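For reference, the structure discussed in these notes is given below.
Residue numbers (our numbering): 1 to 404.
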């Protein structure tokens, strides 16, 4: 459920809102000036943010959406008989738009005004030229190709999008979803919902909707993704994905008069890091962070620094949180962290050899100190110091335990 929520917000909400407000008659006449400016504001603002935050993929996606919109405006999608200019243009956009969005979501960031960055605009412009040339000299052949029908019966009668376009959108969606669940960041999610918005725009174009506004919403979803990604970089720890120290400091300002705070430290982490290397140490940090992220009791985990984490429990007492923290401690201890064999190749060989040795499992434990706000410690930094003292008592008592 959490992953579905993470996938849906905020791109899905933006798309749903656009379906409500951008439908014919969805906004009052007084909103007409806003709607006229909306596509241009998205294009200019998105291009600037993409350049400023080094998100060239988003800039190229905005360029793709803008070109798709302009050619459909110049050559209206009249959905006339096969071979008509409007039909050819609509079908070409329906096929190439999802292919390009999916393809440009996969490229690495190489800057915008670099030789490699500028060269990435060539395929986009080249496609426009190629389709234009073929459409001019061989319009009938191109029309037949773009309007190919391989689904029997009336399976595709519900949509104006040609069957090759449906396949392109389906494959593009699978690619973008796979990348999102692999990488899980706002930009990848933005591409998923931008593709969904583009599909929606083409789908409702025959129902009196203004396609430009819906495609602008696809761009707006990407702009929101850039802003969200920038926020994450500023407030979240890149290694563990947890909110960082800055996010903790701001969260502390919002707490009421009752809360508990726990400090969590990985036992013997320095020796572990020195013995097995920083890569393995990073894996341990990510594993512990994943457990902390699911802590019960309404707690929110933060990366405090190094191997230390903080968990804030708004509106809770320290004693009431001990069972949840004990459960967390046991869960970390029960996790079987298996080391990679020293003689194991970095890449899978063509002929895998039979494992002759035993994989080595390493025990990972945490010590936890918890404190609450009371009349002796009213300020957040005082509660943190009290939780730190409890943490050191847990370490002095032999580690792998919770102390209040």
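We put the beta carbon where it would ideally sit given N, CA and C, even for glycine. In this text the structure is predicted, and so the values were computed from the model without any measurement.
Have a look at 404, 136 and 12 and flag the residue whose alpha-carbon is nearest the alpha-carbon of residue 192. As a first step, residue 192 must be located in the chain shown, where it is residue number 192. Minimum Cα-Cα distance from residue 192 among the listed residues 404, 136 and 12 corresponds to 12.
If you follow the alpha helix (DSSP H) that residue 87 is part of, which residue opens it and which one closes it? As a first step, residue 87 is located in the chain shown; it is residue number 87 there, counting from the start. Residue 87 -> alpha helix (DSSP H) spans 85-105.
Tell me, which residues are paired with residue 259 by DSSP? For this step, residue 259 is matched to residue 259 along the chain shown. Paired residue(s): 314.
Using the DSSP secondary-structure output, state which residues sit across from residue 367 in a beta bridge. The sequence position of residue 367 within the chain shown is 367, counting from 1. Under DSSP, the beta-bridge partners assigned to residue 367 are 265.
Taking the CB atoms as reference points, tell me whether residue 223 and residue 49 lie closer together than 9 Å. Reading the chain shown from its first residue, position 223 is the one you call residue 223. Reading the chain shown from its first residue, position 49 is the one you call residue 49. Contact flag set, yes.
Proximity to residue 18 [Cα-Cα], best of 85, 389, 266 and 201: Locating residue 18 in the chain shown gives position 18, where the first residue counts as 1. Residue 18 has its Cα closest to that of 201, out of 85, 389, 266 and 201.
The beta strand (DSSP E) spanning residue 305 covers which residue range? The residue labelled residue 305 in the question sits at position 305 within the chain shown. Per DSSP, the unbroken beta strand (DSSP E) holding residue 305 starts and ends at 300-305.
Beta-carbon proximity of residue 373 to residue 383, cut-off 9 Å: Counting from one through the chain shown, the residue named residue 373 turns up at place 373. Counting from one through the chain shown, the residue named residue 383 turns up at place 383. Taking C-beta atoms as the reference points, residue 373 and residue 383 count as a pair closer than 9 Å.
Which of helix, strand or coil does DSSP assign to residue 156? Position 156 of the chain shown, counted from the first residue, corresponds to residue 156. Residue 156: coil per DSSP, three-state reduction.
Beta carbon of residue 234 nearer than 9 Å to that of residue 246: Along the chain shown, one-based indexing puts residue 234 at 234. Along the chain shown, one-based indexing puts residue 246 at 246. Their beta carbons are under 9 Å apart, which means residue 234 touches residue 246 by this criterion.
Simplified DSSP state of residue 236, which is helix, strand or coil: Residue numbering aside, residue 236 sits at position 236 when the chain shown is read from its first letter. Residue state, collapsed to three classes: strand.
Extent of the continuous alpha helix (DSSP H) run through residue 277: Position 277 of the chain shown, counted from the first residue, corresponds to residue 277. Where residue 277 is concerned, there is no enclosing alpha helix (DSSP H), given that its DSSP letter is neither H nor E.
Taking the alpha carbon of residue 227 as the reference point, which residue from 35, 21, 324 and 42 has its own alpha carbon closest? Working through the chain shown from its first residue, we reach residue 227 at position 227. It is 42 whose Cα lies nearest to the Cα of residue 227.
State the DSSP-derived secondary structure class of residue 130, mapped to helix, strand or coil. As a working mapping, residue 130 is identified with position 130 in the chain shown. The answer is helix: DSSP assigns residue 130 an H, G or I state.
Are the beta-carbon atoms of residue 242 and residue 301 separated by less than 9 Å? In the chain shown, residue 242 corresponds to position 242, counting from 1. In the chain shown, residue 301 corresponds to position 301, counting from 1. Between residue 242 and residue 301, the gap from beta carbon to beta carbon is short of 9 Å.
Same chain, Cβ closer than 6 Å to residue 161, five either side skipped, listed in chain order: For this step, residue 161 is matched to residue 161 along the chain shown. If we look at residue 161 and ignore the five residues flanking it on each side, its Cβ neighbours are 94 and 202.
Burial state of residue 208 (16 or more Cβ within 10 Å): Here residue 208 corresponds to residue number 208 of the chain shown, with the count starting at 1. So residue 208 counts as exposed.
Given residue 336 as reference, the closest of 252, 287 and 311 once Cα atoms are compared: As a working note, residue 336 is residue 336 in the chain shown. For residue 336, the nearest C-alpha among the options comes from 287.
For residue 308, write down the residues that DSSP places opposite it in a beta bridge. As a first step, residue 308 is located in the chain shown; it is residue number 308 there, counting from the start. 265 and 305, per the DSSP bridge assignment.
With contact counted as at least three CB pairs below 8 Å, one residue from each stretch, are the stretch 211-225 and the stretch 45-63 in contact? The stretch 211-225 makes contact with the stretch 45-63; the number of CB pairs closer than 8 Å reaches 3 or more.
Does DSSP put residue 362 in a helix, a strand or coil? One-based indexing of the chain shown puts residue 362 at position 362. Of the three classes helix, strand and coil, the one that applies to residue 362 here is strand, per DSSP.
Which residue marks the beginning of the alpha helix (DSSP H) containing residue 194, and which one marks its end? Position 194 of the chain shown holds residue 194. Boundaries of the alpha helix (DSSP H) around residue 194: 186-204.
Are the stretch 158-178 and the stretch 95-109 in contact at 8 Å, needing three or more beta carbon pairs? In short, these stretches touch, since the Cβ pair count reaches three.
Taking the alpha helix (DSSP H) that residue 401 falls in, what are its first and last residues? Your numbering for residue 401 matches position 401 in the chain shown. For residue 401, no alpha helix (DSSP H) run applies, since DSSP gives it neither H nor E.
Same chain, Cβ closer than 6 Å to residue 252, neighbours up to 5 away in sequence not counted: Within the chain shown, residue 252 is the residue found at index 252, counting from 1. Cβ neighbours of residue 252 within its own chain (closer than 6 Å, five residues either side excluded): 380.
Note down the Cα distance separating residue 388 from residue 213, rounded to an integer number of angstroms. Counting from one through the chain shown, the residue named residue 388 turns up at place 388. Counting from one through the chain shown, the residue named residue 213 turns up at place 213. Looking at the two C-alpha atoms, the distance is approximately 54 Å.
Under 9 Å between C-beta atoms of residue 371 and residue 260: The residue labelled residue 371 in the question sits at position 371 within the chain shown. The residue labelled residue 260 in the question sits at position 260 within the chain shown. Yes, Cβ-Cβ distance for residue 371 and residue 260 is below 9 Å.
Helix, strand or coil, according to DSSP, for residue 323 in the structure here? Here residue 323 is taken as the residue at index 323 of the chain shown, counted from 1. The three-state secondary structure of residue 323, taken from DSSP, is helix.
Nearest-angstrom Cα distance between residue 106 and residue 400? As a first step, residue 106 must be located in the chain shown, where it is residue number 106. As a first step, residue 400 must be located in the chain shown, where it is residue number 400. Each residue's Cα considered, the two are about 43 Å apart.
Limits of the alpha helix (DSSP H) - the one that residue 67 falls within: Taking the first residue of the chain shown as position 1, residue 67 is located at position 67. Where residue 67 is concerned, the enclosing alpha helix (DSSP H) stretches over 56-74.
Could you tell me the boundaries of the alpha helix (DSSP H) in which residue 250 lies? Numbered from its first residue, the chain shown carries residue 250 at position 250. For residue 250, the uninterrupted alpha helix (DSSP H) segment begins and ends at 245-253.
Under a three-way DSSP split, which group does residue 345 fall into? Here residue 345 refers to the residue found at position 345 of the chain shown. A caution first: residue 345 carries a pLDDT of 46, below 50, which makes its placement in the model unreliable, though a value can still be read off. Looking at residue 345 - three-state DSSP - the assignment turns out to be coil, as it is neither helix nor strand.
Can you grab the Cα-Cα spacing for the pair residue 290 / residue 327, in whole Å? Counted from its first residue, the chain shown places residue 290 at position 290. Counted from its first residue, the chain shown places residue 327 at position 327. Distance from the CA of residue 290 to the CA of residue 327, rounded to the nearest whole angstrom, comes to 14 Å.
Bridge partner(s) assigned by DSSP for residue 372: Position 372 of the chain shown holds residue 372. Bridge partners of residue 372: 260.
Burial state of residue 274 (16 or more Cβ within 10 Å): For the purposes of this step, residue 274 is taken as the residue at position 274 of the chain shown. By the 10 Å Cβ count, residue 274 comes out exposed.
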